[in-house]
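Q: Each step along the sequence shown adds one to the number in my numbering, with nothing skipped, and position 77 is 1347.
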Amino acid sequence: MGEQLTATDWLGSLSDALASGDVDRVTGLFGDECYWRDLVSMTWNIHTSEGRDEIGAMLAGVDPAAWPTDIVATLETEGDGIREAWFTFGNATFTGKGHVRVRDGRAWTVLTSAQALKDHPEPSGRHRIRGAEHGVNVSTENWLDRREQQVASYGVDAQPYVLVVGGGQGGIGLAARLKRLGVPTLVVDRYPRPGDQWRSRYHSLCLHDPVWYDHLPYLPFPDHWPVFTPKDKMGDWLESYTKIMELDYWSNTEATSASFDEASGSWTVHVTRDGREVVLTPAHLVLATGMSGIANVPTLPGQDVFRGDQHHSSKHPGGARYAGKKVVVVGSNNSAHDICADLWQNGAEPIMLQRSSTHIVRSESLMDKVLGPLYSEEAVAGGIDHETADLVFASIPYKILADFQRPAFDAIREQDADFYAALEAAGFDLDFGDDDSGLFLKYLRRGSGYYIDIGASELVAKGAIRLVRGQVDHLSENAVVLTDGTQIEADAVVYATGYGSMNGWAARLISQEVADKVGRCWGLGSDTTKDPGPWQGELRNMWKPTQQDHLWFHGGNLHQSRHYSRYLALQLKARLEGIDTPVYGLAETHHLT
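#1: As a quick exercise: from Arg-1736, Leu-1281, Asn-1827, Ser-1283, pick the residue whose alpha carbon is nearest that of Gly-1441.
#2: Given this structure, state the Cα-to-Cα distance separating Gly-1272 from Thr-1278, to the nearest angstrom.
#3: Whole angstroms are fine: how far does the CA of Asp-1308 sit from the CA of Leu-1636?
#4: Taking only the alpha-carbon atoms, compute the straight-line gap between Ala-1533 and Pro-1552 and give it to the nearest angstrom.
#5: Going by the DSSP bridge assignment, what does Leu-1555 pair with across the sheet?
#6: From what residue to what residue does the alpha helix (DSSP H) around Ser-1423 run?
#7: Pick out whichever of Arg-1353, Asp-1797, Glu-1858 has its Cα sitting closest to the Cα of Leu-1275.
#8: Measure the alpha-carbon distance for Ala-1611 versus Ala-1762 and round it to whole angstroms.
#9: Just curious, the beta strand (DSSP E) that Gly-1366 is in, first and last residue?
#10: Pick out whichever of Trp-1356, Asn-1315, Ser-1423 has its Cα sitting closest to the Cα of Gly-1282.
#11: Give me the Cα-Cα distance between Leu-1448 and Glu-1346, rounded to the nearest whole angstrom.
#12: Which two residues bound the contiguous beta strand (DSSP E) that contains Met-1772?
#13: Give the straight-line distance between the Cα atoms of Thr-1756 and Gln-1624, rounded to the nearest whole angstrom.
#14: Round the Cβ separation of Ala-1384 and Tyr-1837 to the nearest angstrom and send it over; I've been treating them as touching at under 8 Å.
#15: Figure out for me which residue from Tyr-1483, Arg-1577, Asp-1754 has the closest Cα to the Cα of Val-1650.
#16: Can you list the beta strand (DSSP E) stretches of 3 or more residues lying completely in the region 1626-1694, in chain order?
#17: Return the chain-ordered list of same chain residues with a C-beta closer than 8 Å to the C-beta of Leu-1693, the five sequence neighbours on each side being excluded.
#18: Inspect the beta-carbon positions of Val-1434 and Ala-1445 and report whether they are closer than 7 Å.
#19: For Ala-1558, which of Arg-1845, Ala-1844, Ser-1796, Arg-1832 has the nearest alpha-carbon?
#20: Taking a contact to mean a Cβ-Cβ separation below 7 Å, would you say Trp-1378 touches Gly-1301 in this structure?
#21: How far does the beta strand (DSSP E) with Ala-1565 in it extend, from its first residue to its last?
#22: Comparing alpha-carbon positions, which option in Pro-1496, Lys-1503, Pro-1454, His-1485 lies nearest Ser-1470?
#23: Over the uninterrupted alpha helix (DSSP H) stretch that includes Ala-1327, give me the two end residues.
#24: The alpha helix (DSSP H) spanning Gln-1830 covers which residue range?
#25: Quick one: which unbroken beta strand (DSSP E) runs of 3-plus residues sit fully inside the region 1514-1539? Chain order, please.
#26: What does the Cβ neighbour count give for Ile-1514, buried or exposed, with the cut at 16 atoms within 10 Å?
#27: Could you compute how far the alpha carbon of Lys-1388 sits from the alpha carbon of Thr-1658?
#28: Out of Leu-1508, Arg-1463, Leu-1477, which one is the CA nearest neighbour of Trp-1520?
#29: Below 6 Å CB to CB, which residues in the same chain sit around Phe-1498 once its five sequence neighbours on both sides are set aside?
#30: Could you tell me which of Phe-1364, Arg-1845, Thr-1523 sits nearest to Val-1541, measuring between CA atoms?
#31: Please classify Ala-1289: is it buried, with 16 or more other beta-carbons within 10 angstroms of its beta-carbon, or exposed?
#32: Excluding the 5 residues flanking Gly-1789 on each side, which residues of the same chain have their C-beta closer than 8 Å to its C-beta?
#33: Applying the criterion that 16 or more other CB atoms from any shown protein chain within 10 Å of the CB defines a buried residue, is Val-1830 buried or exposed?
#34: Run through the DSSP bridge pairs and tell me what Gln-1615 is partnered with.
#35: Once DSSP output is grouped into helix, strand and coil, what is the label at Asp-1856?
#36: Starting from Asp-1466, follow the alpha helix (DSSP H) in both directions and report where the run begins and ends.
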C-alpha cells in the first residue's frame, strides 16, 4: 500500500475488507498508531478502540451485521501529509456518517457515528405529520386539548417511557430528540419555568462560549443572536424552545426518590409536583443535571461563628447587596472571576483567594485560535455548520486530542505574552494544563481549573480585584484566616469551590449503593491532576450505558449536550422498539466519587 493512496481509495479497501468478513484483513489497513471511535453505530456504546488489537477485538466482538456497509466517500481533503475523507455508510440498523484520516497509506483515525435508525426515521421533511384532520368525522378535540391531556396523564393513566430529571438545556435538548423519535418522555424540574436555571444565576452572567458553539437541536439561534448570550436571554430561549418543540415538561416538580425493579425493568420514581406527590414508573431514568454534581461547600472551623454572609457560588445573588463591603471569594476559576467582577462593578471590595494554579485564556484568543476554524461566522461561510463541526471535533480520539490542541495554545501563549506577564506580575498562579494542552483538555479531564477571560483578568492585573494566594485554615467572626496566619477581613464569603461528580445526584435520588455501582462521572482517566487513571478513552458514564441498567447521565456544555443527545436518544428509541442492543465495551467502575 503506497504513500499516494488517497483516503477515498482507502475507504474502498475498507469496504472490500469488511465485506470479506476477515478481521485481520481489516486491521491490516490501519497504521501502527491507530484509533477507531464509534458513536453507537456498531457498539451500542460510545467507545474508542486504540491500536490494531483493540480494533480487531471490537470487530470480532460485535455482530457482523453491525459492520459498516455501503460506504460512500463524500469529500476528501489533504494537508500536512494527512489525507482525510468524509463518508456515509449503513448497517443492519443505522444510517451513519464517518470520517477517516490516512497517513502513509494506512488509517490513523476512523470515526463511525449513528445518525438515524433505518426503520424509524424522524418525522421531518417528507415524513412530517399532517397536523390537521379534514372531512366530516373530525374529532372534537383540537391540538391544545390533546397536548394538555398528554401532559396531565402521566402518573394517572399513562407513564413516560423515559423520565428526564433536570430541565436545563441538556434535558430539554434530549427531550426534543426523543419527542421527534416518538419516545414518550417527561421532563421534571424544580424551578417554576423552563430556563429559570439560567435566570436564577448571578446578575452579570453571560455564556462564555460563542453562539455558533451553543445551538440546540433542530432550532439554531437566529443569525442576529448575540455572540455571547446573556443569562436571561438564554432562559427565555429555553422556555420558548420547550413550547415550540411541544415537550412534556413538569415545572415546580422535584424528584424525591427512585428505585429500580430488576424483574419489571422499570423505575419507581416519587416526585412532588406543586406540593402533590405523584408516582411515576418509567423504563429509563436520565439524570440531566449538567456535567456537575452537588455543590462542593467546604467544611471549615469557624463557619458557625463568622458573622457575615456565606454561600456557594451557585447561590450568589449578585453584587448589588454587597456595595461597600469586603467579600472574600474562595476560588480562582470561571465563577470566581465572574463574581469578583460583578462585585467590583457594584462597588464592593472583592478579594480573590487563589488556592491552586488556574488556566486563563482570553475569550477573543480562544475564538480566534481554537473555536474559530469550526465554530464561527467564517466557518459557516466556508461550509462548516455546527453539525459538521461537531463531527470534526468528535473525529479526534481523546488519546491524541492534546496533540491537536497544544499548537493552538502555544500560539495563544506567545500572542498574549503581555497579558500573561501582567497577571504573573500581580501574583496570579498560571498554568496551561498538566501537559500544556490548554482549556479543553482541562475541561474534559476534570471540568475545572480554568477561566475564559471576558474582562476580570484585567481587574486582577491592575489590583481592582485584590488577589491573595493560600489555603484557608478557619474563619473568625470577621475574617478568613489562612494556614500561614494571614487574616483577610471579610463581610461575606463566597465559596466558588466547584461541584462533585454527577453520581452524587444518583446517591441523593436513588442510593449510595447505585452511585457507587455507577462510579464517578466525567473525566478520561488521564492520570493528570484530578483525573485519576486508568485510561478510559471516553468520558466516564456520559451519554452511554452504565453499570446500572436503565440509568443514564446526560450533561456537558451546550455543544456536548446538543451533539451527544443524538446518540443517547437513538439508544433509548431502539430499546423502546425492542431492537437488540448488545453493548460492546461497557466501561468498568474504578472510582466511586
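Note that the Cβ used here is the ideal one computed from N, Cα and C, for glycine as well.
A: In brief:
#1: Stepping through the sequence shown from its first residue, residue 1441 is reached at position 171. Looking at the Cα atoms, Asn-1827 is the closest of the given residues.
#2: Translated into positions along the sequence shown, residue 1272 becomes position 2. Translated into positions along the sequence shown, residue 1278 becomes position 8. In this predicted model, Gly-1272 has a pLDDT of only 43, less than 50, meaning its place in the structure is not dependable enough to derive any value.
#3: Within the sequence shown, the letter at position 366 stands for residue 1636. Within the sequence shown, the letter at position 38 stands for residue 1308. Whole-angstrom Cα-Cα distance: 28 Å.
#4: For the purposes of this step, residue 1533 is taken as residue 263 along the sequence shown, with counting starting at 1. For the purposes of this step, residue 1552 is taken as residue 282 along the sequence shown, with counting starting at 1. Rounded to whole angstroms, Ala-1533 to Pro-1552 spans 14 Å at the Cα level.
#5: The residue you call residue 1555 lines up with position 285 of the sequence shown. Leu-1433, Leu-1821, per the DSSP bridge assignment.
#6: Taking the first residue of the sequence shown as position 1, residue 1423 is located at position 153. Taken as a continuous stretch (DSSP letters only), the alpha helix (DSSP H) holding Ser-1423 covers 1413-1423.
#7: Taking the first residue of the sequence shown as position 1, residue 1275 is located at position 5. The shortest Cα separation from Leu-1275 among Arg-1353, Asp-1797, Glu-1858 belongs to Arg-1353.
#8: As a first step, residue 1611 is located in the sequence shown; it is residue number 341 there, counting from the start. As a first step, residue 1762 is located in the sequence shown; it is residue number 492 there, counting from the start. Distance between the alpha carbons of Ala-1611 and Ala-1762: 15 Å.
#9: Reading the sequence shown from its first residue, position 96 is the one you call residue 1366. Looking at the DSSP string, the run of the beta strand (DSSP E) that includes Gly-1366 is 1364-1373.
#10: As a first step, residue 1282 must be located in the sequence shown, where it is residue number 12. Of Trp-1356, Asn-1315, Ser-1423, the residue nearest in Cα terms is Trp-1356.
#11: Residue 1448 sits at position 178 when you count from the first residue of the sequence shown. Residue 1346 sits at position 76 when you count from the first residue of the sequence shown. C-alpha separation (whole angstroms): 33 Å.
#12: Start at 1 with the first residue of the sequence shown, and residue 1772 comes out as number 502. Counting along the chain, Met-1772 falls outside any beta strand (DSSP E), and DSSP gives it neither H nor E.
#13: In the sequence shown, the residue the question calls residue 1756 occupies position 486. In the sequence shown, the residue the question calls residue 1624 occupies position 354. Using only the alpha carbons, I get a separation of about 14 Å.
#14: In the sequence shown, the residue the question calls residue 1384 occupies position 114. In the sequence shown, the residue the question calls residue 1837 occupies position 567. So it is a contact: roughly 6 Å between Cβ atoms.
#15: Sequence index remark: in the sequence shown, residue 1650 carries index 380 (1-based). Of the candidates Tyr-1483, Arg-1577, Asp-1754, the one whose C-alpha sits nearest the C-alpha of Val-1650 is Tyr-1483.
#16: 1629-1632
#17: Here residue 1693 corresponds to residue number 423 of the sequence shown, with the count starting at 1. Ile-1630, Leu-1700, Ser-1727, Val-1730, Ala-1731, listed in sequence order.
#18: What you label residue 1434 is simply residue 164 of the sequence shown in a count that begins at 1. What you label residue 1445 is simply residue 175 of the sequence shown in a count that begins at 1. Taking 7 Å as the Cβ cut-off, Val-1434 and Ala-1445 qualify as a contacting pair.
#19: Here residue 1558 is taken as the residue at index 288 of the sequence shown, counted from 1. Closest option to Ala-1558, Cα to Cα, is Arg-1832.
#20: Residue 1378 sits at position 108 when you count from the first residue of the sequence shown. Residue 1301 sits at position 31 when you count from the first residue of the sequence shown. Going by C-beta atoms, Trp-1378 is nearer than 7 Å to Gly-1301.
#21: Within the sequence shown, numbered from 1, the residue matching residue 1565 stands at position 295. Run containing Ala-1565: none; DSSP gives neither H nor E here.
#22: Stepping through the sequence shown from its first residue, residue 1470 is reached at position 200. Measuring from the Cα of Ser-1470, the nearest candidate turns out to be Lys-1503.
#23: Here residue 1327 corresponds to residue number 57 of the sequence shown, with the count starting at 1. That run of the alpha helix (DSSP H) goes 1321-1331.
#24: One-based indexing of the sequence shown puts residue 1830 at position 560. Boundaries of the alpha helix (DSSP H) harbouring Gln-1830: 1828-1846, taken from the DSSP string.
#25: 1523-1531
#26: In the sequence shown, counting from the first residue as 1, residue 1514 sits at position 244. By the 10 Å Cβ count, Ile-1514 comes out exposed.
#27: Within the sequence shown, residue 1388 is the residue found at index 118, counting from 1. Within the sequence shown, residue 1658 is the residue found at index 388, counting from 1. C-alpha separation (whole angstroms): 21 Å.
#28: For the purposes of this step, residue 1520 is taken as the residue at position 250 of the sequence shown. It is Arg-1463.
#29: As a first step, residue 1498 must be located in the sequence shown, where it is residue number 228. Here the set comprises Cys-1476, Leu-1477.
#30: One-based indexing of the sequence shown puts residue 1541 at position 271. With distances taken between Cα atoms, Val-1541 lies closest to Thr-1523.
#31: Along the sequence shown, read from residue 1 onward, the residue named residue 1289 stands at position 19. Flag for Ala-1289 reads exposed.
#32: Position 519 of the sequence shown, counting from 1, holds the residue named residue 1789. Asn-1773, Arg-1810, Asn-1811, Gln-1817, Thr-1859, His-1860, His-1861, Leu-1862, listed in sequence order.
#33: Position 560 of the sequence shown, counted from the first residue, corresponds to residue 1830. According to the sequence provided, residue 1830 is Gln. The question's Val does not apply to it. The C-beta of Gln-1830 has 16 or more other C-beta atoms within 10 Å across all chains shown, which makes the residue buried.
#34: The residue you call residue 1615 lines up with position 345 of the sequence shown. Partner(s): none; Gln-1615 has no beta bridge.
#35: On the sequence shown, position 586 is the one that residue 1856 refers to. In the sequence as displayed, the identity of residue 1856 is Leu instead of Asp. DSSP places Leu-1856 outside both helix and strand once states are collapsed to three, so it counts as coil.
#36: One-based indexing of the sequence shown puts residue 1466 at position 196. Counting along the chain, the alpha helix (DSSP H) containing Asp-1466 begins and ends at 1466-1469.
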